[in-house]
Amino acid sequence: MIARAARQLALVLALALIPAVVSGAWQLAWKKAEPLAAGEVRLATAREWGARVQWVDARSRAKFERTRIPGALLLNEDEWDKLVGPFLDAWDADKTLVVYCDGGSCEASHQVAARLRKDLMIGGVLVLKGGFAEWQGL
Amino acid sequence: MAGLVIAGLRLAVAGVFLYAGTLKIWDFTHLRSATPDFTIAIQNFRLLPSPDLALLLAVYLPWLEVTAASALFIRRLALGAATALLGLSAVFLGAVGSAWWRGLDIACGCFGKENAPTDFRFLLLRNTALLAAVAVLFLHEWRRPSPTPPHS
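One line per chain: the protein sequences are A and B, in this order. Position 135 of the first sequence, counting from 1, maps to 135 under our numbering, and the rest follow consecutively. If you want our numbering, it's the position in the second sequence, counting the first as 1, plus 1000.
Now the structure itself:
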């Protein structure tokens, strides 16, 4: 009975692998071709800009404290009033702001970028395509 | 009567895993792949040593859910499917319990991207019920005679 269970389990695991591999390959191809939305920048471009970029972390404080892009400043919607002062003090206005959140379909980076543009009248604020997940190479 | 209960359980368990797996594969709200969101959900549990592993699991696990749920209806694969779903249910329950124990404030990601904060007690109850249902199916398949008679 154990042998039958193991044989069938192996077959189910292998069957699931087929669509997973196809889906993974398709997603890799799509990721490269996916167009940028207005106000977004690709990681490769932001990396080329090097020290001229100021990373802005729009995720929660807990996530920021655990891991972040080196040199990033924390600025999120939940603690906006508390964080915006220190953020403005620390930001060198010659640097382009690139905001990121988790990645996937997270909206926090777009919300913080919109607020930077609207409330603080800062022009040229960009959002990192793919977010922190992209930075991690996912 | 027992046959009816097993048929109902099979339908319910398959439905839950098909639904959960599909929502982890495709984001119907944004009409895009749900893999990035599921990768992040897995990472948030802080159980894996590397983000790459989270990505691999995010690609594979939903398809395993869908495949195993479908295979529950194929006599020659039902025991293997129930075994896979039993393992998945146990892993999910363990992950949720561990997150609750460590006081993590994270979304479950069980049914695709979820923005609402997780009610861990409800989640533990739900996952325990699911594990129990899958265990009943597994035991049923385990005791069921093999579909092919042994060669004489």
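C-beta: ideal position from N, C-alpha, C; glycine also.
Use the C-beta contact count for residue i: other C-beta atoms within 10 angstroms, 16 or more gives buried, fewer gives exposed.
| i | result |
| --- | --- |
| A:V22 | exposed |
| A:E79 | exposed |
| B:P1062 | buried |
| A:A3 | exposed |
| A:T67 | exposed |
| B:P1036 | buried |
| A:I18 | exposed |
| B:F1028 | exposed |
| A:A10 | exposed |
| A:S105 | buried |
| B:V1059 | buried |
| B:G1109 | buried |
| B:P1049 | exposed |
Would you kindly work out how many angstroms separate the C-alpha atoms of residue i and residue j, rounded to a whole number?
| i | j | result |
| --- | --- | --- |
| B:A1090 | A:W135 | 32 Å |
| B:A1034 | A:A114 | 25 Å |
| B:T1022 | B:L1047 | 23 Å |
| A:F64 | B:A1099 | 19 Å |
| A:L139 | B:F1017 | Outside the displayed range of chain A (1 to 138) lies residue 139 of chain A, so it cannot be described from this structure. |
| B:R1126 | B:Y1019 | 15 Å |
| B:R1076 | A:A44 | 49 Å |
| A:R7 | B:G1080 | 7 Å |
| B:A1007 | B:L1139 | 14 Å |
| A:H110 | A:G85 | 20 Å |
| B:S1146 | B:F1073 | 15 Å |
| A:D57 | A:E107 | 12 Å |
| A:A20 | A:L13 | 11 Å |
| B:L1055 | A:L28 | 12 Å |
| B:A1002 | A:Y100 | 54 Å |
| A:G24 | A:D89 | 43 Å |
| B:L1131 | B:L1009 | 12 Å |
| A:G71 | A:K95 | 12 Å |
| B:A1078 | B:G1097 | 28 Å |
| A:A5 | B:R1121 | 33 Å |
| A:F87 | A:L120 | 12 Å |
| B:F1038 | B:D1105 | 16 Å |
| A:A39 | A:A93 | The sequence given here has Gly at residue 39 of chain A, not Ala. Straight-line Cα distance between these residues: approximately 18 Å. |
| A:K118 | A:A16 | 47 Å |
| B:L1093 | A:W30 | 33 Å |
| B:R1102 | B:E1141 | 36 Å |
In chain order, what residues of the same chain have a beta carbon less than 8 Å from the beta carbon of residue i, not counting five sequence neighbours either side?
| i | result |
| --- | --- |
| A:W140 | Residue 140 of chain A lies beyond the range of chain A shown here (1 to 138); nothing can be said about it. |
| A:D102 | R59, K63, A108, G131, F132, A133 |
| A:E77 | A58, A108, Q111, V112, R115 |
| A:L36 | R42, K129 |
Cutting at 7 Å between CB atoms, please list the residues of its own chain near residue i, excluding the five before and the five after it.
| i | result |
| --- | --- |
| B:V1134 | V1013, A1082, L1085, L1086, S1089 |
| A:A46 | V53, V98, L128 |
| B:L1057 | I1042 |
| B:V1136 | L1009 |
For residue i, I'd like the list of residues in its chain whose CB is within less than 6 Å of its CB, leaving aside the five on either flank, ordered along the chain.
| i | result |
| --- | --- |
| B:W1026 | A1034 |
| B:F1111 | A1020, L1023 |
| A:I69 | W55, W135 |
- Message: Contact between the stretch 1066–1073 of chain B and the stretch 111–126 of chain A is defined here as three or more beta-carbon pairs at a separation below 8 Å; is this criterion met?
- Response: no
- Message: In chain order, what are the residue ranges of uninterrupted alpha helix (DSSP H) at least 4 long that sit wholly in the stretch 1086–1149 of chain B?
- Response: 1120–1143
- Item | Segments of 3+ residues assigned as beta strand (DSSP E) that fall wholly inside the stretch 51–106 of chain A | 53–57, 96–100
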